[in-house]
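Q:
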Amino acid sequence: MKLLNVGYGNVIVASRVIAIVGPNAAPIKRLREEARDRGKLVDATQGRKTRSIIVTDSDHVVLSAVQPETVSLRLAGADGEGDAV
0 MKLLNVGYGN VIVASRVIAI VGPNAAPIKR LREEARDRGK LVDATQGRKT RSIIVTDSDH
60 VVLSAVQPET VSLRLAGADG EGDAV
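Numbered as in numbering that gives the first Met the number 0, the sequence shown ends at 84 without a single skipped number.
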């Protein structure tokens, strides 16, 4: 099982990640609020500004203070793949 560092000592299981997106689009803001209402929101920002939102296959939404590009590069390394797009 490979773990993905989402910043500040927080990790998630890499194989469960479906999407890594920026937090500013209106549909993503709705996704975040719906996850909070369902109790499926995980805040891994340690009090910092949310820079990326990670969606998992278990319907959890993880907030991260790390840029989406950085998280995707880490995910590519965790999966053992080449360069991330």
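The beta carbon of each residue, even a glycine, is placed where N, CA and C say it ideally should be.
(1) Along the beta strand (DSSP E) that carries Asp36, what are the first and last residues, could you check?
(2) Looking only at DSSP bridge pairs, what is Leu74 linked to?
(3) For Thr49, which three-state DSSP category applies?
(4) Hey, how far is the Cα of Leu72 from the Cα of Leu3?
(5) Under three-state DSSP, which class holds Thr69?
(6) Flag this pair as yes or no: are the beta carbons of Ile19 and Val70 separated by less than 9 Å?
(7) Measuring alpha carbon to alpha carbon, tell me which of Arg29, Leu74, Gly6 and Ala13 ends up nearest Asp56.
A: Reading off the structure:
(1) Per DSSP, Asp36 belongs to no beta strand (DSSP E); it is in the alpha helix (DSSP H), Ala25 to Arg37.
(2) DSSP, once it has assigned bridges, lists no residue as partnering Leu74.
(3) coil
(4) 10 Å
(5) Looking at Thr69 - three-state DSSP - the assignment turns out to be helix.
(6) yes
(7) Answer by Cα proximity: Ala13.
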